[in-house]
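Everything below concerns the one structure shown next.
Protein chains in written order, with the numbering used here: chain A, 2 to 429; chain B, 2 to 429.
Structure, rendered in C-alpha cells:
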C-alpha cells in the first residue's frame with residue numbers, strides 16, 4: 002500500500018484516477034460473437050460454449066429436475082443463511098416502492114407518474130471459482146418485486162456442464178424460472194438478440210469480466226439498457242480517532258481479495274495510525290487463502306494521511322468510492338457531508354461484507370468514480386416511470402394561450418394549431 | 002402515410018422497427034474533436050466554433066450584460082407564457098421529491114436510502130432555426146430542484162455570435178448562471194473533459210442532431226453519464242370510437258413538423274376512420290409553414306387499422322411510443338394496460354403540445370422503443386441514491402453467522418473474517 006502524507010488537493014486528481022482499461026482490442030471479438038448469434042442463434046451459442054467453456058451443452062435451459070437435484074445438495078446451513086439474506090433484501094427493496102398522487106399543476110391540468118416494470122430483463126451471474134449466489138439475490142429480488150414478467154438468468158456452465166447448486170437453489174427460491182447455462186459474450190448476445198430458446202430482453206444487469214462488460218456496452222448500441230458501467234470493486238475506509246485498526250484491516254482485505262484489480266483506500270488522521278494499520282494488514286494477510294490476489298490488489302491501494310477534517314471529506318467526495326466505511330460512534334454525523342458514494346457503512350459493526358450479503362442493501366454498486374452520477378442497483382433499476390397528463394376543457398382554456406405563444410416563438414405552428422383547433426370548438 | 006389493415010402480430014416486428022442510423026462513420030470525427038479539446042482546450046473550441054458555426058467567439062461565456070439585454074428584448078407575452086410553463090414544470094418536478102425512512106431489516110440492522118444531487122451537470126440546447134427555450138425549462142428546472150451545484154448550459158451561437166434572447170431569458174429565470182456559446186461535438190467534448198473556462202461535468206442531458214448524439218455516446222465511454230439514448234421523435238395516437246379526427250390530424254402534424262425523420266402512427270378501429278383521418282391530415286397540411294418537413298415525416302408514418310381491442314393495446318406496448326395520445330372520455334380506463342410509453346396524453350383536450358411546453362410533465366422522453374426500458378427525464382435524472390446501513394452489536398450478532406456461512410460458500414474468507422473478528426470482541 003502506498004502511503005500519502007497530507008497530499009495537496011492539486012495532487013488528488015492523479016491519486017483518484019483509476020487505471021484505464023482499453024477495450025478497443027475486444028471490439029471485433031465481441032462483434033463477431035454477436036453477428037454469429039444473430040445469424041445462427043442457438044447453434045452459435047452451442048459452438049461458443051464448446052470453445053470458451055470447454056463443454057458441449059445440448060439443452061442450455063436448466064431443467065426442473067436439475068433444479069430439484071441442486072436444491073437437495075445445498076447444505077441446510079447455507080440454505081438458511083440464504084433465506085435470511087433474501088428476507089432482508091426483500092424487505093429493503095420492497096420499501097423502495099413509491100406512489101405518486103395526481104398533481105393539479107394548474108386548474109384543470111392533472112399530471113402524474115406511474116411505475117411500470119420492465120417486462121423482460123436479463124440477469125448475468127458470472128462463473129469462475131466461486132458460485133456467486135449472492136448476485137442472484139441482489140439482481141433477482143428487485144426484478145421480481147418490480148414485477149418483471151420475464152426474468153432470464155444466464156450463468157456459464159462448469160466443465161461438467163453444470164451451474165453450481167447454490168446458484169440454482171437461490172434462483173428457484175426467489176422465483177426465477179428461466180435459467181440458462183450460457184456465459185460470456187455469447188450470453189449477452191443471446192439476451193440482446195434472442196434465439197429460438199432464449200428470450201430477448203430489454204435490459205441486462207449483472208457483473209462480469211472485461212468480455213462481459215464490453216459485450217454489455219455493445220448491447221447498449223443495439224438499444225438494450227444496462228444496469229451500470231462496470232469496473233473493479235473498491236472500498237474506502239474513513240478511519241476516525243480511536244478506530245479498531247484490526248477491524249479496518251479486515252475490511253480492507255475483504256475488498257482486496259475480490260480481485261487483483263480491486264482498490265482499497267484508508268484515510269487516517271495521523272502517521273502513527275498509518276503505520277499500525279499497515280502492520281495489521283500484513284499480519285492478517287498471512288492467513289488468507291486468497292492471499293496472492295489480495296497482495297496484488299494492495300499494490301494498487303493506498304493509505305492517505307489527511308490531518309484536516311474538511312480535506313478528509315473532500316477527498317472522499319472527489320474519489321466517489323463504491324463502498325465507504327466510516328468508523329466510530331459518530332459516523333452518522335458525517336453522513337450529511339457525503340455527496341458521492343455507492344453504499345455507506347456506518348460505525349464499527351457494519352463491515353462491508355454485511356452489505357455484500359445480508360443487511361438488505363444491494364451490492365451492485367457504481368465503481369470507478371461512477372458514484373458521482375449513478376445509483377447502485379435498486380428497485381427502480383427494473384422499473385420505468387411513465388408520465389401522464391389529462392387536461393379538462395377548462396384546463397386547456399387556461400393553459401392554451403401560453404402554449405400557443407411558446408409554440409409560435411419556437412416556430413412550430415402545427416404545435417400551436419393542435420391547441421387553437423381545440424379552443425375553437427369549446428363553447429365559452 | 003402507409004395504411005395497414007389488421008396486420009398480423011407476426012408482421013408487427015417489421016412495422017415497429019425504426020430506421021437504424023449508422024453512426025460508425027462519425028466515429029473518427031467525434032474522436033478528433035475530443036482529442037483536440039483534450040489537448041488544446043479553449044483554443045480548440047474556438048477553432049471548431051469558427052469552422053462549424055462560422056463565427057469567431059473570443060469569450061464563450063455569456064456575460065451578465067448580454068443576459069440583461071436579452072431579457073429586455075423578449076416580448077411581455079412570451080415572458081408571461083414562459084413563466085406560467087416554468088411554474089407548472091416546477092410544481093410537477095418538485096412533487097417527485099421522495100424521502101425514505103430507515104428500515105430495520107432485522108433486529109439491529111438499519112438500512113436506508115439518501116438522495117444526493119449530481120454535483121455537476123451539463124445541459125445541451127440545440128441551435129438551428131427555432132430557439133428551443135422549452136428545452137431549457139425541461140432540463141434546467143429538475144436540475145435546479147435536485148440541487149445540482151454546477152448547471153452548465155451550452156448552446157451554439159448564431160452567425161452573429163449570439164444565443165437567442167428567449168433562451169437566455171429562460172435560463173436566467175430558472176437560475177442557470179453558467180451559459181456558454183458552444184455547440185455541436187465540441188460542446189459535448191468541453192463538458193466531458195473541461196477546459197480552462199468550461200467546467201467538467203458528471204452528466205450531460207439534452208437533445209441534439211446525430212453529431213451531438215454520437216458525441217454523448219462517446220462521452221459515456223469516458224465515464225460521463227447521459228440522460229437518454231436519443232432518436233427521432235414519435236407520436237402514437239390511439240383513436241377510439243367517435244374521436245374528433247380534426248384533433249387527431251392536428252396532433253399527428255404537430256409531431257410530424259418536428260423533423261423529417263419523425264414518425265407518427267394512428268391506430269384506428271375501422272377503414273372509414275382511416276380514410277377520413279387521412280383526408281384531415283392532407284387538408285391541414287396545406288396551411289403549415291413547415292409543410293415540407295411534415296410531408297417527409299408522413300412518408301415514414303402509418304395508419305393502422307386494428308379491429309380487435311386487445312390487439313390495439315398489444316401493438317402500443319410492442320411499439321413503445323415516446324408520446325401516446327388516447328382519445329375519448331374513457332381514455333383513462335385504458336391506462337392500466339399501457340406498459341410501454343414515454344408520456345401519455347388522456348382525452349380530447351390533452352394535445353401533445355401541452356406536454357411539450359406547459360402542462361408540467363417533461364418533454365425529454367425515450368424514443369426509438371427505449372420506453373420499454375427507460376423513463377423520460379425527471380427529478381431522479383439529476384439525483385443519485387446512496388444506500389446506508391448501520392448494524393448495532395446486536396445486529397451483527399444476529400446476522401453475522403449467516404454472512405460467515407455465505408462468504409465461506411463463495412470462498413471469500415476475508416469477507417468472513419471481517420465478521421468473525423468483530424464477533425469475537427463482542428461480550429455476550
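All C-beta atoms, glycine included, are put in the ideal place defined by N, C-alpha and C.
Next item on the list: Under 7 Å between beta-carbons, which chain B residues line up against residue 357 of chain A? List them in chain order, please.
Entry: Residue mapping note: residue 357 of chain A aligns to position 356 of the first chain, counting from 1. Those within 7 Å of residue 357 of chain A in chain B are 416.
Item checked: Supposed close pair residue 365 of chain B, residue 356 of chain B - CB separation, criterion 8 Å -> Taking the first residue of the second chain as position 1, residue 365 of chain B is located at position 364. Taking the first residue of the second chain as position 1, residue 356 of chain B is located at position 355. Contact doesn't hold; Cβ gap of about 11 Å is too wide.
Checklist line | N-terminal and C-terminal residue of the beta strand (DSSP E) that residue 324 of chain A is part of | finding: Working through the first chain from its first residue, we reach residue 324 of chain A at position 323. Here the beta strand (DSSP E) through residue 324 of chain A covers 324–327.
Check: Taking the DSSP output, what are the residues bridged to residue 104 of chain A?
Finding: If you number the first chain from 1, residue 104 of chain A lands on position 103. Answer is A:112.
Notebook entry, point to check: In whole angstroms, what is the alpha-carbon distance linking residue 213 of chain B and residue 133 of chain B?
Noted result: Taking the first residue of the second chain as position 1, residue 213 of chain B is located at position 212. Taking the first residue of the second chain as position 1, residue 133 of chain B is located at position 132. Taking the straight line joining both Cα atoms gives about 15 Å.
Note to self: In whole angstroms, give me the CA-to-CA distance for residue 237 of chain A and residue 347 of chain B.
What the structure shows: Residue mapping note: residue 237 of chain A aligns to position 236 of the first chain, counting from 1. Residue mapping note: residue 347 of chain B aligns to position 346 of the second chain, counting from 1. Going from the Cα of residue 237 of chain A to the Cα of residue 347 of chain B covers about 49 Å.
Notebook entry, point to check: Interface residues of chain A around residue 432 of chain B at Cβ under 7 Å?
Noted result: Limits of chain B in this structure are 2 at one end and 429 at the other, which puts residue 432 of chain B out of reach.
Margin query: Counting only C-beta atoms, is residue 20 of chain B closer than 9 Å to chain A at any point?
Written below: Walking along the second chain from the start, residue 20 of chain B turns up at place 19. Not closer than 9 Å to any Cβ of chain A, the Cβ of residue 20 of chain B fails to qualify, so no.
Next item on the list: Could you check what DSSP says for residue 309 of chain B in three-state terms: helix, strand or coil?
Entry: Sequence index remark: in the second chain, residue 309 of chain B carries index 308 (1-based). The answer is coil: DSSP assigns residue 309 of chain B none of H, G, I, E or B.
Check: Is residue 78 of chain B close to chain A, meaning its C-beta is less than 9 Å from at least one C-beta of that chain?
Finding: For this step, residue 78 of chain B is matched to residue 77 along the second chain. With 9 Å as the cut-off, residue 78 of chain B counts as an interface residue toward chain A.
Check: residue 151 of chain B lies in the alpha helix (DSSP H); which residues open and close that run?
Finding: Counting from 1 along the second chain, the entry for residue 151 of chain B is found at position 150. From DSSP, residue 151 of chain B is part of no alpha helix (DSSP H) but of the beta strand (DSSP E) over 151–155.
Notebook entry, point to check: Going straight from the alpha carbon of residue 30 of chain B to that of residue 219 of chain B, what length do you get?
Noted result: Your numbering for residue 30 of chain B matches position 29 in the second chain. Your numbering for residue 219 of chain B matches position 218 in the second chain. For residue 30 of chain B and residue 219 of chain B, the distance between alpha carbons rounds to 11 Å.
Checklist line | residue 98 of chain A versus residue 200 of chain A - alpha carbon distance | finding: As a first step, residue 98 of chain A must be located in the first chain, where it is residue number 97. As a first step, residue 200 of chain A must be located in the first chain, where it is residue number 199. For residue 98 of chain A and residue 200 of chain A, the distance between alpha carbons rounds to 27 Å.
Item checked: Rounded distance between the beta-carbons of residue 74 of chain B and residue 166 of chain B, thought under 8 Å -> In the second chain, the residue the question calls residue 166 of chain B occupies position 165. In the second chain, the residue the question calls residue 74 of chain B occupies position 73. Rounded, the Cβ-Cβ distance is 5 Å, consistent with contact.
Checklist line | Residue ranges of each alpha helix (DSSP H) within the segment 223–268 of chain B, 4 or longer | finding: 246–257
Item checked: the segment 238–253 of chain A in contact with the segment 325–343 of chain A per 3-pair CB rule at 8 Å -> yes
Next item on the list: Note the first and the last residue of the continuous beta strand (DSSP E) segment covering residue 4 of chain B.
Entry: Taking the first residue of the second chain as position 1, residue 4 of chain B is located at position 3. Looking at the DSSP string, the run of the beta strand (DSSP E) that includes residue 4 of chain B is 3–6.
Margin query: So with CB distances below 9 Å, who are the chain A contacts of residue 49 of chain B?
Written below: Taking the first residue of the second chain as 1, we reach residue 49 of chain B at position 48. Those within 9 Å of residue 49 of chain B in chain A number zero; the least Cβ separation is about 24 Å.
Next item on the list: Would you mind telling me which residues of chain B sit closer than 9 Å to residue 97 of chain A, beta carbon to beta carbon, in chain order?
Entry: As a position in the first chain, residue 97 of chain A is number 96, starting the count at 1. Under the 9 Å cutoff, chain B gives 101, 114 and 386.
Checklist line | Under 9 Å between C-beta atoms of residue 253 of chain B and residue 231 of chain B | finding: Here residue 253 of chain B refers to the residue found at position 252 when the second chain is read from its first residue. Here residue 231 of chain B refers to the residue found at position 230 when the second chain is read from its first residue. Result no, Cβ atoms of residue 253 of chain B and residue 231 of chain B do not sit closer than 9 Å.
Next item on the list: Would you mind reading off the limits of the alpha helix (DSSP H) that contains residue 401 of chain A?
Entry: Position 400 of the first chain, counted from the first residue, corresponds to residue 401 of chain A. Residue 401 of chain A -> alpha helix (DSSP H) spans 394–410.
Check: Name the chain B residues whose beta carbon is nearer than 7 Å to that of residue 31 of chain A?
Finding: Counted from its first residue, the first chain places residue 31 of chain A at position 30. Those within 7 Å of residue 31 of chain A in chain B number zero; the least Cβ separation is about 14 Å.
Next item on the list: Name, please, each residue of chain A whose Cβ falls closer than 7 Å to the Cβ of residue 429 of chain B.
Entry: Mapped onto the second chain, residue 429 of chain B falls at position 428. By Cβ distance, chain A contributes nothing, its closest Cβ being about 13 Å from residue 429 of chain B, past 7 Å.
Item checked: 8 Å contact criterion, which residue 19 of chain A and residue 352 of chain B should meet: CB distance rounded -> Locating residue 19 of chain A in the first chain gives position 18, where the first residue counts as 1. Locating residue 352 of chain B in the second chain gives position 351, where the first residue counts as 1. Not confirmed; about 48 Å, so no contact.
Next item on the list: Buried or exposed for residue 411 of chain B, please, with buried defined as at least 16 other CB atoms from any protein chain shown within 10 angstroms of its CB.
Entry: Looking up residue 411 of chain B in the second chain gives position 410. By the neighbour-count rule (16 or more Cβ atoms within 10 Å), residue 411 of chain B is buried.
Check: Under the three-state reduction of DSSP, which class applies to residue 170 of chain A: helix, strand or coil?
Finding: Locating residue 170 of chain A in the first chain gives position 169, counting from the first residue. For residue 170 of chain A, the secondary structure class from DSSP, reduced to helix, strand or coil, is helix.
Check: Around the C-beta of residue 401 of chain A, are 16 or more other C-beta atoms found within 10 angstroms, so that it is buried, or is it exposed?
Finding: In the first chain, counting from the first residue as 1, residue 401 of chain A sits at position 400. By the 10 Å Cβ count, residue 401 of chain A comes out buried.
Notebook entry, point to check: Which of the three DSSP states, helix, strand or coil, is assigned to residue 345 of chain A?
Noted result: For the purposes of this step, residue 345 of chain A is taken as residue 344 along the first chain, with counting starting at 1. If DSSP states are grouped into helix, strand and coil, residue 345 of chain A belongs with the strands.
Checklist line | Any C-beta of chain A under 9 Å from that of residue 251 of chain B | finding: By 1-based counting over the second chain, the position of residue 251 of chain B is 250. Output row for residue 251 of chain B: interface = yes.
Next item on the list: Give the secondary structure of residue 358 of chain B by DSSP, where H, G and I count as helix, E and B as strand, and everything else as coil.
Entry: Walking along the second chain from the start, residue 358 of chain B turns up at place 357. It is helical.
Check: Taking Cβ positions only, does residue 313 of chain A come closer than 9 Å to chain B?
Finding: Along the first chain, one-based indexing puts residue 313 of chain A at 312. Taking Cβ atoms only, chain B never reaches closer than 9 Å to residue 313 of chain A, which makes this a no.
Item checked: CB contact below 9 Å: residue 73 of chain A versus chain B -> Sequence index remark: in the first chain, residue 73 of chain A carries index 72 (1-based). Not closer than 9 Å to any Cβ of chain B, the Cβ of residue 73 of chain A fails to qualify, so no.
Item checked: Below-9 Å beta-carbon distance, residue 254 of chain A vs any chain B residue -> As a first step, residue 254 of chain A must be located in the first chain, where it is residue number 253. Answer yes: the Cβ-Cβ gap between residue 254 of chain A and chain B drops below 9 Å somewhere.
Notebook entry, point to check: Can you find a C-beta in chain B that's less than 9 Å from the C-beta of residue 349 of chain A?
Noted result: Counted from its first residue, the first chain places residue 349 of chain A at position 348. So yes, residue 349 of chain A belongs to the interface.
Notebook entry, point to check: residue 118 of chain B bridges to which residues according to DSSP?
Noted result: On the second chain, residue 118 of chain B is found 117 positions in, with the first residue counted as 1. Beta-bridge pairing links residue 118 of chain B to B:384.
Check: Do you know whose CA, among A:384, A:115 and A:291, lies nearest residue 336 of chain B's CA?
Finding: As a position in the second chain, residue 336 of chain B is number 335, starting the count at 1. Among A:384, A:115 and A:291, the Cα nearest to that of residue 336 of chain B belongs to A:115.
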